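Scroll down for the structure; my scribbles are underneath it.
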Amino acid sequence: MSNRRDEDLLQDAGGGDREAFGVLVERHHRAVMQFVHRFLGDIGRDTAEDLAQDVFLKAWKAASSFEPRAQAITWLLRIATNTCLNYRRGKRLRRAVSLDANTEADIPDRQAGPAAASQAREQADRVRRAIAELPPNQRAAIVLRHFHGLSYAEISDVLDVSVSAVESLLFRARRTLRVALAENETAPQVLPGLGAESL
Amino acid sequence: MRCRKAKKWISASLDGELDGARNQAVQAHLAACPECRAFAADLAGLTEGLDLLTVPEPRWGFTGRTMARLANPQSRETASRGWLDFLRPAPLGVGAAAFGFGVFLVIMANGEQEAPGAERDTIVALADDGTVAALLNDAIEERLLALLPDAEE
Chain Y
0 MSNRRDEDLL QDAGGGDREA FGVLVERHHR AVMQFVHRFL GDIGRDTAED LAQDVFLKAW
60 KAASSFEPRA QAITWLLRIA TNTCLNYRRG KRLRRAVSLD ANTEADIPDR QAGPAAASQA
120 REQADRVRRA IAELPPNQRA AIVLRHFHGL SYAEISDVLD VSVSAVESLL FRARRTLRVA
180 LAENETAPQV LPGLGAESL
Chain G
0 MRCRKAKKWI SASLDGELDG ARNQAVQAHL AACPECRAFA ADLAGLTEGL DLLTVPEPRW
60 GFTGRTMARL ANPQSRETAS RGWLDFLRPA PLGVGAAAFG FGVFLVIMAN GEQEAPGAER
120 DTIVALADDG TVAALLNDAI EERLLALLPD AEE
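Those sequence lines, one after another, are chains Y and G. Note that numbering that gives the first Met the number 0 numbers the first sequence so that position 67 is 66, with each residue one more than the last. Note that numbering that gives the first Met the number 0 numbers the second sequence so that position 45 is 44, with each residue one more than the last.
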């Protein structure tokens with residue numbers, strides 16, 4: 000069972016095979032939860048886990064409609080993207096990330112000392128805020144590309160847009176992030192060489 | 000090539016998603032445009048900056064909790080209980096304890112209601128002097144001996 004392809008497991012799950020689905024959950028829950036956390040940015044681990052569970056519940060219900068020509072992971076991430084968008088709509092969250100949303104994610108290296116730990120936390124918060132400020136499609140594109148290593152074709156599949164559109168989304172996301180992070184006075188410590196003069 | 004188009008392609012080039020012809024055009028533009036070279040360097044640095052964003056690991060038992068919700072969608076066995084996790088195995092233990100306590104109460108109530116008679120006195124006396132235990136031990140020993148192969152054979 001554990002050697003089987005994701006797509007085969009998902010097809011079996013569509014026929015009601017819970018064991019097959021359990022293998023799929025075990026394989027991909029980390030990626031799904033971390034996508035949710037990166038996409039929404041201002042949630043804690045508990046909420047990220049709840050939403051990741053929601054993703055798998057939806058996947059279970061929709062498994063019979065899965066088309067084998069698609070990749071299981073892109074199919075799951077598409078459900079995850081929609082789940083995040085619905086959550087954000089439902090909660091009407093502010094797009095700015097609150098600092099108290101700091102989570103266990105950013106546990107600094109305690110051996111590096113309190114000052115370094117604090118700096119690492121601030122830097123991570125800045126990046127999180129910058130990503131959260133992006134429009135949803137750009138945010139999804141940058142998270143899928145940078146953190147999950149998806150190709151443009153796979154991202155186009157997840158977001159249901161053309162490859163050319165993915166190219167544009169990523170370009171605009173990076174341009175915005177570059178400016179947003181450069182505007183911060185401590186940005187040179189994080190992103191050496193960044194300047195706002197080029198755009 | 001205009002800088003705007005070049006920058007868009009630079010982004011795709013960094014991802015290794017640019018085809019040969021477009022990649023050549025970008026390289027030619029970069030060779031002649033210091034502004035776009037700076038942009039390309041900045042985007043490369045951006046990758047380093049994004050790497051600072053760390054995320055939490057799922058708690059142990061995620062798959063089990065998810066499959067439990069699958070079996071019972073109404074329940075929400077999630078991580079959000081946090082510090083209450085230690086109570087999760089409680090239902091069985093609490094049920095057993097309640098049952099045991101109930102049995103104890105019934106025995107006690109019956110004991111109180113029952114008039115002290117000769118049989119009860121005998122049982123109490125046997126229990127007190129260890130006779131009950133001895134009888135039980137004898138019974139257990141007899142049962143065990145019956146399971147052993149016959150030593151005379």
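Glycine included, C-beta positions come from ideal geometry on N, C-alpha and C. This structure is a prediction, so every number in the text was calculated from the model and none was measured.
Query	Result
C-alpha gap between F85 of chain G and R58 of chain G, whole angstroms	Note that F85 of chain G scores a pLDDT of 43, beneath 50, so its modelled location is shaky; the value from the coordinates is reported in the next line. Roughly 14 Å between the two C-alpha positions.
Cβ separation of L176 of chain Y and A114 of chain Y, assumed to be a contact under 8 Å, to the nearest whole Å	Their Cβ separation, rounded to whole angstroms, is 26 Å, which puts L176 of chain Y and A114 of chain Y out of contact at 8 Å.
As assigned by DSSP and simplified to three states, the class of V54 of chain G	coil
Endpoints, alpha helix (DSSP H) assigned at N22 of chain G	19-31
Status (buried if at least 16 other CB within 10 Å, exposed otherwise) for G188 of chain G	Residue 188 of chain G is absent from the structure shown; chain G starts at 0 and stops at 152.
Option nearest A131 of chain Y by Cα separation, candidates Y:F34, Y:D7, Y:D41, Y:M32	Y:D41
Three-way DSSP call (helix, strand, coil) for L133 of chain Y in this model	coil
is_contact[R21 of chain G, chain Y] using C-beta, thresh 8 Å	no
Within 8 Å, strictly: CB atoms of R120 of chain Y and L52 of chain G	no
Length-filtered (4 minimum) alpha helix (DSSP H) runs lying within the stretch 0-35 of chain Y	5-13
Chain Y contact residues for A11 of chain G, given Cβ-Cβ distances below 8 Å	Y151, E166, L169, F170
With 16 other Cβ atoms within 10 Å as the buried cut-off, status of R88 of chain Y	exposed
8 Å CB neighbourhood of H27 of chain Y in its chain, flanking five on each side removed	D5, A71, I72, L75
Expected contact under 8 Å - CB spacing of I141 of chain Y and A179 of chain Y to nearest Å	Rounded, the Cβ-Cβ distance is 12 Å, inconsistent with contact.
As assigned by DSSP and simplified to three states, the class of E16 of chain G	coil
Beta-carbon separation (whole angstroms), L9 of chain Y vs A62 of chain Y, contact threshold 8 Å	6 Å
Whole-number beta carbon distance between S10 of chain G and V25 of chain G, since they are thought to touch under 8 Å	About 10 Å separates the two Cβ atoms, so there is no contact after all.
Listed by chain order, chain Y residues near G60 of chain G by CB distance under 7 Å	Under the 7 Å cutoff, chain Y gives no residues; its nearest Cβ is about 10 Å from G60 of chain G.
D7 of chain Y versus E34 of chain G - alpha carbon distance	49 Å
N71 of chain G - DSSP class collapsed to helix/strand/coil	coil
Near-chain G residues of the stretch 127-145 of chain Y - C-beta to any C-beta below 8 Å	R127, I130, I141, R144, H145
Three-state secondary structure (DSSP) of F65 of chain Y	coil
Nearest neighbour of M66 of chain G, chosen from Y:L23, Y:Q137, Y:L133 [CA to CA]	Y:L23
Through-space distance from A181 of chain Y to A47 of chain Y, alpha-carbon basis	29 Å
Three-state secondary structure assigned by DSSP to G148 of chain Y	coil
Coarse secondary structure for V54 of chain Y, derived from DSSP in three states	helix
Buried or exposed (CB count within 10 angstroms, at least 16 for buried), Q33 of chain Y	buried
Rounded straight-line distance, which links the Cα of C83 of chain Y to that of R36 of chain G	36 Å
Distance CB(A139 of chain Y)-CB(T80 of chain Y) smaller than 8 Å	yes
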